[in-house]
Each structure stands twice: as C-alpha cells, then as structure tokens.
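Take a look at the structure set out below.
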Amino acid sequence: MTAYAFAHLRSVDVNEEIVEYLRRIDDTLTPYDGRFLIHNRTPEVVDGTFEGVLVLIEFPTVEAAKAWYNSDAYQAILAFRTNNSDGGACIVEGRTPDYRAATLADFITNARDPMS
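Taking my numbering, the leading residue of the sequence shown gets 40, the next gets one more, and so forth.
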C-alpha cells in the first residue's frame, strides 16, 4: 500500500544548513523509491487556516517510508531541517484507489449500533 511522508513547515530559516539539507535529501530517497509529490508549496487555503508550506513524499509502502526516515543517510541531515524550521512531519499509509469515504461512515454507524 502506498504511503506518504509529509511535513507542514510553518516557518523555515533559510540558511546554509537548509541549503545543505536540500542538496542531500534527494539521494536519501532513492534507495526507498521515494519521490516528491509536493515540495515547498504554499497551499491555497479554501477554509480554516494554514500557515507555511507543505512537503509530500510518496513511498511504495509504510515500511519503505519508515526505513527512509530512520536511515543513516536521512538521520545525518534531519537536524538541518528540525533545527531551522517550525513544523512537524508524519508518515501515513494511503488508501486503495477504490476507497470511498462512505466506507468509514458505514464502519462508524455499525460500530455504534448496539444491534450489530
């Protein structure tokens, strides 16, 4: 199942460490078949609030995403991002192409139905 690593960076201090991080991150993704889908993009906010930029990296599996994040190569540059930005990062498993939100609604309804 496809997985994603994403970061919401509310602010970034663009300095030599961030530049070094950017120069090195691509090579850390290659062994895990990771690829940027979104990088340093400011979303158009359609409701609510969202400050900063979004980064989205696709991996073939959650295991690949976790292996990338925990790899020696990525860990060697991680502090360049975390020490120079305000935000956070997550790994999440995607859904199959046929997934429908109604599936979750059905689960919620059935889980709350004492007769089920």
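Cβ coordinates follow ideal geometry from the N, Cα and C atoms, glycine included.
Please go through the stretch 71–135 and give each complete beta strand (DSSP E) segment of 3 or more residues, from N-terminal end onward. Runs found: 74–80, 92–98 and 124–132.
For GLU138, which three-state DSSP category applies? A quick correction: the sequence has Tyr, not Glu, at residue 138. Residue state, collapsed to three classes: coil.
Quick check on the burial criterion: 16 or more other C-beta atoms within 10 angstroms. Buried or exposed for GLU97? The residue in question, GLU97, is buried, as its Cβ has 16 or more Cβ neighbours within 10 Å.
Just grab the DSSP bridge partners of LEU48 for me. VAL92 and GLY126
Measuring CA to CA, which of GLU102, ILE147 and ALA46 is closest to ASN79? Ranking GLU102, ILE147 and ALA46 by CA distance to the CA of ASN79 puts ALA46 first.
DSSP beta-bridge partners for ASN43? The question names Asn, yet the displayed sequence has Tyr at residue 43. Answer by DSSP bridge pairing, in chain order: GLU97 and VAL131.
Does the stretch 64–71 come within contact of the stretch 105–120, defined as at least 3 CB pairs closer than 8 Å? yes
In terms of alpha-carbon separation, which member of PRO82, ILE57 and TYR71 lies closest to ALA103? The shortest C-alpha separation from ALA103 is found at TYR71.
First through last residue of the alpha helix (DSSP H) which encompasses THR67: 55–68
Using a 10 Å radius around the Cβ and a threshold of 16 neighbouring Cβ atoms, would you call ARG134 buried or exposed? exposed
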